[in-house]
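Protein chains in written order, with my numbering: chain A, 2 to 230; chain B, 2 to 230.
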DNA sequence: GTGTCGCTTCGATGATCATCGAAGTATCGA
DNA sequence: TCGATACTTCGATGATCATCGAAGCGACAC
């Protein structure tokens with residue numbers, strides 16, 4: 002008897018549940034009420050959906066008093082969701098229509114690392130500078146990259162998780178950087194206050210100065226693409 | 002507006018459709034009647050499901066007279082399905098119950114490359130012999146491996162597809178070998194008659210001599226695991 | 001030409017399920 | 001303690017959809 006993929010897929014296959022799962026792809030734990038708002042459903046409907054997602058292991062619950070925070074149960078589910086996004090994007094002619102779309106396409110969180118145009122530019126810039134060696138499905142930190150990131154404060158963890166991983170970006174159709182390094186970069190830029198998480202979505206909002214500093218740090222050509230594009 | 006993953010997931014999320022998609026993971030094109038048998042539904046039900054899968058781009062149709070052959074629309078969908086299998090398997094306590102299960106677990110097609118125990122053994126043997134360098138998410142052909150496989154007749158194609166890719170095996174919870182190399186290995190062993198495709202499932206049936214030859218070729222220790230395990 | 005086979009379409013049927021408002025419970029803050 | 005808030009449970013409702021057999025169409029073989 003093979004694993005029952007229909008069960009898992011059907012859970013993701015409800016529009017409201019899909020919206021909540023996608024919201025959780027921002028990497029933050031969100032309350033039931035926040036998720037209900039994201040999915041534009043009533044709190045009672047959200048409640049029953051969340052119970053269902055929890056029961057089948059897609060999300061985990063952490064209680065804090067009356068607040069109940071939900072998060073994705075792990076990185077493999079996040080990778081699955083992002084792959085679903087990539088395939089769905091490849092199939093559907095998406096036309097950017099609103100400011101939210103632009104923000105998401107420019108810079109957003111793909112669970113714990115940077116995605117969107119800026120994420121792809123980061124990946125490419127690191128490649129150009131020989132700090133990572135990334136081709137097709139393989140992505141490695143080079144000796145030079147190792148030294149540079151150590152200098153910037155990155156400490157590699159001994160873990161099954163790769164240092165670098167190329168993650169296919171659904172909006173750009175090219176790779177952005179995932180793995181320990183991708184995660185550290187996001188943590189670092191948030192800690193420096195270069196950008197903030199958007200409270201309503203997965204997009205990252207860079208301040209003007211923060212964006213300049215980010216691009217300077219990672220060698221991203223500021224004239225290549227700007228936000229007004 | 003983000004891509005609508007619910008649509009895609011809901012298509013996979015029907016039990017009958019999931020069974021048919023999984024059957025197509027064997028890499029062969031199958032007729033509507035064969036797929037109806039796989040899913041144990043009536044031909045008319047299969048017909049409407051297949052029309053639906055085709056409409057949303059998951060499968061492609063090739064007509065040959067009155068026979069209509071369906072196949073998965075591409076490798077990225079195959080990878081998604083395999084990922085669904087891996088996550089589903091990790092979540093559900095699966096107990097091997099029948100001969101079909103054993104066959105699938107021992108050697109099966111994961112779209113176009115070998116999976117199951119034998120697939121994992123192949124991957125590990127190639128690593129042990131230094132023919133591929135595979136760790137975590139990265140998998141590369143070594144210089145020695147390149148020479149050895151060239152000697153065996155493998156010709157790398159210039160293509161976006163990686164030579165090697167580690168693909169997580171849902172039944173073994175470890176990596177088997179995908180990519181151009183993984184595909185070539187399957188084509189080669191089928192051409193040599195070492196194994197045949199099972200007509201009812203995705204499993205590969207090795208003849209006794211074929212299995213011995215396969216293990217000898219790729220340096221798989223014949224005493225490590227045998228089929229009677 | 002005729003009968004068989006592969007497949008689709010049609011229409012009816014029953015099951016499933018997302019949804020909401022109302023009511024209830026637990027937590028929090030003044 | 002009390003009112004507000006976060007959240008869950010309940011039950012009713014309407015929509016969706018998988019399913020099948022019957023009927024029909026086109027390809028195939030004799």
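For glycine and all other residues, C-beta sits at the position ideal for the given N, C-alpha and C.
Given the structure is predicted, the values throughout are model-derived calculations rather than measurements.
What is the DSSP secondary structure of residue 184 of chain B, reduced to helix, strand or coil?
-> Position 183 of the second chain, counted from the first residue, corresponds to residue 184 of chain B. Residue 184 of chain B falls in the helix class under three-state DSSP.
So what does residue 158 of chain B bridge to, in DSSP terms?
-> The sequence position of residue 158 of chain B within the second chain is 157, counting from 1. Paired residues: none, contrary to the question.
Complete beta strand (DSSP E) runs within the stretch 77-161 of chain B (minimum length 3 residues, chain order) = Correct list: 109-111, 114-116, 133-136, 139-142.
Provide the residue span of the alpha helix (DSSP H) that contains residue 45 of chain A, from first to last.
-> Sequence index remark: in the first chain, residue 45 of chain A carries index 44 (1-based). Segment 44-56, the alpha helix (DSSP H) holding residue 45 of chain A.
Residue-level contact to chain A via CB, residue 13 of chain B, 8 Å cutoff | In the second chain, residue 13 of chain B corresponds to position 12, counting from 1. So, interface residue.
Could you work out which residues of chain A lie near residue 104 of chain B, taking near to mean beta carbons separated by less than 7 Å?
-> Position 103 of the second chain holds residue 104 of chain B. What residue 104 of chain B touches in chain A: nothing, since even the nearest Cβ is about 12 Å away.
is_contact[residue 88 of chain A, chain B] using C-beta, thresh 8 Å | Against the first chain, residue 88 of chain A aligns to sequence position 87. Interface with chain B (8 Å Cβ-Cβ cutoff): residue 88 of chain A is included.
Determine, using beta-carbon pairs with one atom in the stretch 114-132 of chain A and one in the stretch 107-124 of chain B, whether at least three such pairs fall under 8 Å.
-> The stretch 114-132 of chain A vs the stretch 107-124 of chain B: no contact.
Sequence-distant residues of its chain with Cβ nearer than 8 Å to residue 12 of chain B (five each side left out) = As a first step, residue 12 of chain B is located in the second chain; it is residue number 11 there, counting from the start. Answer for residue 12 of chain B: 18, 53, 54, 57, 59, listed in chain order.
Per-residue burial, residue 129 of chain A [other beta carbons within 10 Å of its own, 16 or more giving buried] = Within the first chain, residue 129 of chain A is the residue found at index 128, counting from 1. Around the beta carbon of residue 129 of chain A, fewer than 16 other beta carbons sit within 10 angstroms, so the residue counts as exposed.
What number of angstroms, rounded off, separates the C-alpha of residue 3 of chain B from the C-alpha of residue 167 of chain B?
-> The residue given as residue 3 of chain B occupies position 2 in the second chain. The residue given as residue 167 of chain B occupies position 166 in the second chain. Computed Cα separation, rounded: 29 Å.
Can you name the residues of chain A whose CB is closer than 8 Å to the CB of residue 144 of chain B?
-> Here residue 144 of chain B refers to the residue found at position 143 when the second chain is read from its first residue. Correct list: empty, because the minimum Cβ distance to chain A is about 16 Å.
Between the stretch 185-199 of chain B and the stretch 208-215 of chain B, do three or more beta carbon pairs fall short of 8 Å?
-> Contact check between the stretch 185-199 of chain B and the stretch 208-215 of chain B: three or more CB pairs, one atom from each, fall below 8 Å, which counts as touching.
Applying the criterion that 16 or more other CB atoms from any shown protein chain within 10 Å of the CB defines a buried residue, is residue 90 of chain B buried or exposed?
-> Translated into positions along the second chain, residue 90 of chain B becomes position 89. By the 10 Å Cβ count, residue 90 of chain B comes out buried.
Residue 168 of chain A (DSSP reduced to helix, strand or coil) | Walking along the first chain from the start, residue 168 of chain A turns up at place 167. Residue 168 of chain A: strand per DSSP, three-state reduction.
Where do the ends of the beta strand (DSSP E) carrying residue 65 of chain B lie?
-> Locating residue 65 of chain B in the second chain gives position 64, where the first residue counts as 1. Here the beta strand (DSSP E) through residue 65 of chain B covers 60-65.
What whole-angstrom Cβ distance do residue 131 of chain A and residue 143 of chain A have, given they're in contact under 8 Å?
-> As a position in the first chain, residue 131 of chain A is number 130, starting the count at 1. As a position in the first chain, residue 143 of chain A is number 142, starting the count at 1. So it is a contact: roughly 6 Å between Cβ atoms.
Going by alpha carbons, who is nearest to residue 203 of chain B out of B:64, B:109, B:7?
-> Your numbering for residue 203 of chain B matches position 202 in the second chain. Per the Cα distances, B:109.
State the DSSP-derived secondary structure class of residue 12 of chain A, mapped to helix, strand or coil.
-> Along the first chain, one-based indexing puts residue 12 of chain A at 11. Helix.
Use the C-beta contact count for residue 64 of chain B: other C-beta atoms within 10 angstroms, 16 or more gives buried, fewer gives exposed.
-> Against the second chain, residue 64 of chain B aligns to sequence position 63. Exposed.
Segment contact flag, the stretch 31-38 of chain B with the stretch 35-42 of chain A, C-beta cutoff 8 Å, min 3 pairs | No, the stretch 31-38 of chain B is not in contact with the stretch 35-42 of chain A.
Got a sec: is the Cβ-Cβ distance from residue 139 of chain B to anything in chain A below 8 Å?
-> On the second chain, position 138 is the one that residue 139 of chain B refers to. Contact with chain A is found for residue 139 of chain B, since one of that chain's Cβ atoms lies less than 8 Å from the residue's Cβ.
Answer yes or no: do residue 88 of chain B and residue 22 of chain A have a C-beta to C-beta separation smaller than 8 Å?
-> In the second chain, counting from the first residue as 1, residue 88 of chain B sits at position 87. In the first chain, counting from the first residue as 1, residue 22 of chain A sits at position 21. Between residue 88 of chain B and residue 22 of chain A, the C-beta spacing is not below 8 Å.
Under three-state DSSP, which class holds residue 72 of chain B?
-> Locating residue 72 of chain B in the second chain gives position 71, counting from the first residue. Note: residue 72 of chain B maps to strand in three-state DSSP.
Under the three-state reduction of DSSP, which class applies to residue 213 of chain A: helix, strand or coil?
-> Counting from one through the first chain, the residue named residue 213 of chain A turns up at place 212. In this structure, residue 213 of chain A counts as helix in the three-state DSSP scheme.
Determine the DSSP secondary structure at residue 18 of chain B, reduced to helix, strand or coil.
-> Along the second chain, one-based indexing puts residue 18 of chain B at 17. When secondary structure is reduced to three states using DSSP, residue 18 of chain B falls in the helix class.
Residue range of the beta strand (DSSP E) that includes residue 196 of chain B = For the purposes of this step, residue 196 of chain B is taken as the residue at position 195 of the second chain. Per DSSP, residue 196 of chain B belongs to the beta strand (DSSP E) from 196-198.
Since residue 178 of chain B is in the beta strand (DSSP E), which residue starts that stretch and which ends it?
-> Here residue 178 of chain B corresponds to residue number 177 of the second chain, with the count starting at 1. Boundaries of the beta strand (DSSP E) harbouring residue 178 of chain B: 176-179, taken from the DSSP string.
What whole-angstrom Cβ distance do residue 31 of chain B and residue 71 of chain B have, given they're in contact under 8 Å?
-> As a working mapping, residue 31 of chain B is identified with position 30 in the second chain. As a working mapping, residue 71 of chain B is identified with position 70 in the second chain. Taking the Cβ atoms as the reference, residue 31 of chain B lies roughly 6 Å from residue 71 of chain B, within the contact range of under 8 Å.
Could you check what DSSP says for residue 38 of chain B in three-state terms: helix, strand or coil?
-> The residue given as residue 38 of chain B occupies position 37 in the second chain. In the structure shown, residue 38 of chain B falls within a helical segment according to DSSP collapsed to helix, strand and coil.
Quick one: Cα of residue 174 of chain B to Cα of residue 218 of chain B, how far?
-> Start at 1 with the first residue of the second chain, and residue 174 of chain B comes out as number 173. Start at 1 with the first residue of the second chain, and residue 218 of chain B comes out as number 217. When the Cα atoms are used, residue 174 of chain B and residue 218 of chain B turn out to be separated by approximately 24 Å.
How long is the line joining the alpha carbons of residue 170 of chain A and residue 188 of chain A, rounded to whole angstroms?
-> The sequence position of residue 170 of chain A within the first chain is 169, counting from 1. The sequence position of residue 188 of chain A within the first chain is 187, counting from 1. Residue 170 of chain A and residue 188 of chain A have their C-alpha atoms roughly 19 Å apart.
Best match in B:157, B:93, B:68, B:172 for proximity to residue 181 of chain B [C-alpha to C-alpha] | Sequence index remark: in the second chain, residue 181 of chain B carries index 180 (1-based). Residue B:157 is the option with its Cα nearest to residue 181 of chain B.
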